[in-house]
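Here the structure comes first, spelled out in structure tokens, and everything after it is commentary.
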Amino acid sequence: MQCVRAWRSLNYLCRVAHHRAWKRTQSHTAAARLDLSGIYPPIATPFTAKEDVDYQKLEENLQKYAKIPFKGLVVQGSNGEYPYLTVEERVEVVRTVKQSLPAGRLLIAGSGCESTRATIQLTQKTAAAGADAVLVVTPCFYKGKMDSRALIHHFTKLADSSPVPVVLYSVPANTGLELPLDAVVELSQHPNILGVKDSGGDITRIGLIVHKTKAQDFQVLAGSAGFLMAAYCVGAIGGVCALANVLGQELCELEHLCVSGRWEEARVLQQRLIEPNAAVTRKLGVPALKQAMEWFGFHGGSCRSPLQPLTEAESQQLRRDFSSNGWL
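Residues in the sequence shown are numbered consecutively from 144, following our numbering.
Below, the structure is given as structure tokens:
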């Protein structure tokens, strides 16, 4: 009887190992052929006066973005107010964007949650709704316990289960937690972890990530337009930039200048983008981004509570930051 039980246990373990190996092989194949290089706007979520998701205005924004040479779109990033959306809303937004996305463009969808279990479940739903890859933010509620060991376990378990490639997302301004460099380096070796979006703005760190993962097929995306040129200089291959919601054509032009090695022209354009970018990110945030979108012909509208609209003084400051650099 003990021999039979041992045989059954061994047989089960072999089947599990084979299944996991098959999943990792399939994921690796998908990840290997997905090139992230280019510019992505982390799109905003329009709301109605009653704070329902306004899918009609979302689709109108998508029609305008289709005319800009983005590599793709990021949905349910920080600028999409994803923490304030239900799971059902998050999935439906992904589905709506996928239906309107031009052929050949990538859809990267945020699927990060606080628990590994919830992240896996949302990732699977997001992939089924049409995402080509998922952008997964670091869990942060128990940030004191989110050391390298915990985060490596979290992202590894997710990547083992995800039907689409995973992009790590480090945004310490929002989470109060930076994904440790040693964790990024170890996770870069996973066949289904494709790259990282780093929004911290530390160019030394971005350069180190590029350097320490150069043996892997690992791609680094700058998380802000304010340091996009600098990130390209140290080896980044693109950017997920809030300002691209407003000045998308200009961000794509900056990418082209950097890739073409036209650094003097790139420097001039980069400098003009720094102040408006800071205004819609670290200084005034999502309400400012949505206000600026309205000025540039997109549907920004109001935020979902508890986020509040800009004060009159903040709105005036936002306008100065754009106007002084020639954008308004």
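Even glycine gets a Cβ: it sits at the ideal position worked out from N, Cα and C.
Check your understanding: What residue from S313, I251 and P430 has the CA that sits closest to K286's CA?
Key -> Numbered from 1 along the sequence shown, position 143 holds the residue referred to as residue 286. Taking only the C-alpha atoms, the option nearest K286 is S313.
Check your understanding: What are the start and end residues of the alpha helix (DSSP H) that includes K355?
Key -> On the sequence shown, residue 355 is found 212 positions in, with the first residue counted as 1. From DSSP, the alpha helix (DSSP H) with K355 extends over I346 to K355.
**Study point:** Closest Cα partner of A244 within the set S254, G255, A272 and E257
**Key:** Along the sequence shown, read from residue 1 onward, the residue named residue 244 stands at position 101. Per the sequence shown, residue 244 should be read as Leu rather than Ala. Ranked by how close their Cα comes to the Cα of L244, the residues S254, G255, A272 and E257 have A272 in first place.
Check your understanding: With a cut-off of 8 Å, do at least 3 Cβ pairs link the region 225 to 237 to the region 362 to 369?
Key -> no
Point to revise | Anticipated Cβ contact below 8 Å, I182 with E408, distance rounded | key: Sequence index remark: in the sequence shown, residue 182 carries index 39 (1-based). Sequence index remark: in the sequence shown, residue 408 carries index 265 (1-based). About 17 Å; that fails the 8 Å criterion.
Point to revise | Delimiting residues of the alpha helix (DSSP H) encompassing K426 | key: By 1-based counting over the sequence shown, the position of residue 426 is 283. Neither: K426 is in no alpha helix (DSSP H) and is coded neither H nor E.
Check your understanding: Can you give the beta carbon distance from T281 to T318, rounded, assuming they're within the 8 Å contact cut?
Key -> Here residue 281 refers to the residue found at position 138 of the sequence shown. Here residue 318 refers to the residue found at position 175 of the sequence shown. Between T318 and T281 the Cβ distance is about 6 Å, and since that is below 8 Å, they are a contact.
**Study point:** Residue nearest to E232 in terms of C-alpha spacing, selected from D195, S180 and G428
**Key:** Here residue 232 refers to the residue found at position 89 when the sequence shown is read from its first residue. Considering only alpha carbons, the answer is D195.
Review point. What whole-angstrom Cβ distance do I352 and A374 have, given they're in contact under 8 Å?
Key: Reading the sequence shown from its first residue, position 209 is the one you call residue 352. Reading the sequence shown from its first residue, position 231 is the one you call residue 374. At roughly 10 Å, the Cβ-Cβ gap does not stay under 8 Å, so I352 and A374 are not in contact.
Exercise for review: Enumerate in chain order the residues of its own chain whose CB-to-CB distance from G378 is below 7 Å, with the five nearest sequence positions on each side excluded.
Suggested key: For this step, residue 378 is matched to residue 235 along the sequence shown. Around G378: G350, V353 and V363.
Exercise for review: May I have the straight-line CA-CA distance separating S403 from P212, to the nearest angstrom?
Suggested key: Taking the first residue of the sequence shown as position 1, residue 403 is located at position 260. Taking the first residue of the sequence shown as position 1, residue 212 is located at position 69. Rounded to the nearest angstrom, the two C-alpha atoms are 16 Å apart.
Exercise for review: Taking only the alpha-carbon atoms, compute the straight-line gap between L320 and F298 and give it to the nearest angstrom.
Suggested key: Locating residue 320 in the sequence shown gives position 177, counting from the first residue. Locating residue 298 in the sequence shown gives position 155, counting from the first residue. So the alpha carbons of these two residues sit roughly 15 Å apart.
Practice item. With DSSP as the reference, please indicate the residues paired to S367 in a beta bridge. Key: For the purposes of this step, residue 367 is identified with residue 224 of the sequence shown, where counting begins at 1. Paired residue(s): none; S367 is not in a bridge.
Practice item. Identify every residue that forms a DSSP beta bridge with S342. Key: Translated into the one-based positions of the sequence shown, residue 342 becomes position 199. Paired residue(s): none; S342 is not in a bridge.
**Study point:** Among A302, V307 and C256, the one whose alpha carbon lies nearest that of L249
**Key:** In the sequence shown, residue 249 corresponds to position 106, counting from 1. With distances taken between Cα atoms, L249 lies closest to V307.
Review point. Quick one: is T229 buried, meaning 16 or more other Cβ sit within 10 Å of its Cβ, or exposed?
Key: The count along the sequence shown starts at 1 and reaches residue 229 at position 86. When all chains shown are included, T229 counts as exposed.
Point to revise | Sequence-distant residues of the same chain with beta carbon closer than 6 Å to C395, five excluded per side | key: Locating residue 395 in the sequence shown gives position 252, counting from the first residue. Excluding residues within five positions, the ones whose Cβ falls inside 6 Å are I182 and P212.
Check your understanding: Since I295 is in the alpha helix (DSSP H), which residue starts that stretch and which ends it?
Key -> Residue 295 sits at position 152 when you count from the first residue of the sequence shown. Segment S291 to S304, the alpha helix (DSSP H) holding I295.
Practice item. Tell me whether S258 sits in a helix, a strand or coil according to DSSP, three-state version. Key: As a position in the sequence shown, residue 258 is number 115, starting the count at 1. If DSSP states are grouped into helix, strand and coil, S258 belongs with coil.
Exercise for review: Could you check what DSSP says for Q219 in three-state terms: helix, strand or coil?
Suggested key: Locating residue 219 in the sequence shown gives position 76, counting from the first residue. Three-state result, Q219: coil.
Point to revise | Rounded C-alpha distance that separates R292 from C283 | key: Here residue 292 corresponds to residue number 149 of the sequence shown, with the count starting at 1. Here residue 283 corresponds to residue number 140 of the sequence shown, with the count starting at 1. In a straight line, the C-alpha of R292 is about 14 Å away from that of C283.
Review point. Which residues in the same chain have their Cβ closer than 8 Å to the Cβ of C384, if we skip the five residues on either side of it in sequence?
Key: Translated into the one-based positions of the sequence shown, residue 384 becomes position 241. I182, Y183, P184, P185, A365, G366, S367, A368, L371, L394 and N420, listed in sequence order.
Exercise for review: Run the CB neighbour count on T262, radius 10 Å, all protein chains shown included, and call it buried at 16 or more, exposed below.
Suggested key: Position 119 of the sequence shown, counted from the start, is the residue given in the question as residue 262. Under this definition T262 is a buried residue.
Review point. How would you call G428, buried or exposed, if buried means at least 16 neighbouring beta carbons within 10 angstroms?
Key: Counting from 1 along the sequence shown, the entry for residue 428 is found at position 285. G428 comes out buried.
Check your understanding: Secondary structure at L394, three-state DSSP: helix, strand or coil?
Key -> Position 251 of the sequence shown, counted from the first residue, corresponds to residue 394. Helix.
**Study point:** Rounded separation between K300 and F439 - CA only
**Key:** Along the sequence shown, read from residue 1 onward, the residue named residue 300 stands at position 157. Along the sequence shown, read from residue 1 onward, the residue named residue 439 stands at position 296. The straight-line gap separating the alpha-carbon atoms of K300 and F439 is approximately 42 Å.
Exercise for review: Can you tell me which of the three DSSP states I417 falls into?
Suggested key: Your numbering for residue 417 matches position 274 in the sequence shown. Judged by DSSP in its simplified three-state form, I417 adopts helix.
**Study point:** Buried/exposed call for D341, threshold 16 Cβ in 10 Å
**Key:** What you label residue 341 is simply residue 198 of the sequence shown in a count that begins at 1. It is buried - the Cβ of D341 has at least 16 other Cβ atoms within 10 Å.
**Study point:** Option nearest P430 by Cα separation, candidates R447, I417, L416 and E418
**Key:** By 1-based counting over the sequence shown, the position of residue 430 is 287. Checked all of R447, I417, L416 and E418; the closest Cα to P430 is R447.
Point to revise | C-beta contact flag for A302 and L330 at 9 Å | key: In the sequence shown, the residue the question calls residue 302 occupies position 159. In the sequence shown, the residue the question calls residue 330 occupies position 187. For A302 and L330, yes; Cβs fall inside 9 Å.
Practice item. Following the continuous beta strand (DSSP E) through A316, name the residue where it begins and the one where it ends. Key: Against the sequence shown, residue 316 aligns to sequence position 173. Looking at the DSSP string, A316 is not in any beta strand (DSSP E); the run it does join, the alpha helix (DSSP H), is P315 to T318.
Check your understanding: Which residue from E437, L400, A435 and L386 puts its Cα closest to that of I417?
Key -> By one-based count along the sequence shown, residue 417 stands at place 274. With respect to the C-alpha of I417, the residue from E437, L400, A435 and L386 having the closest C-alpha is L386.
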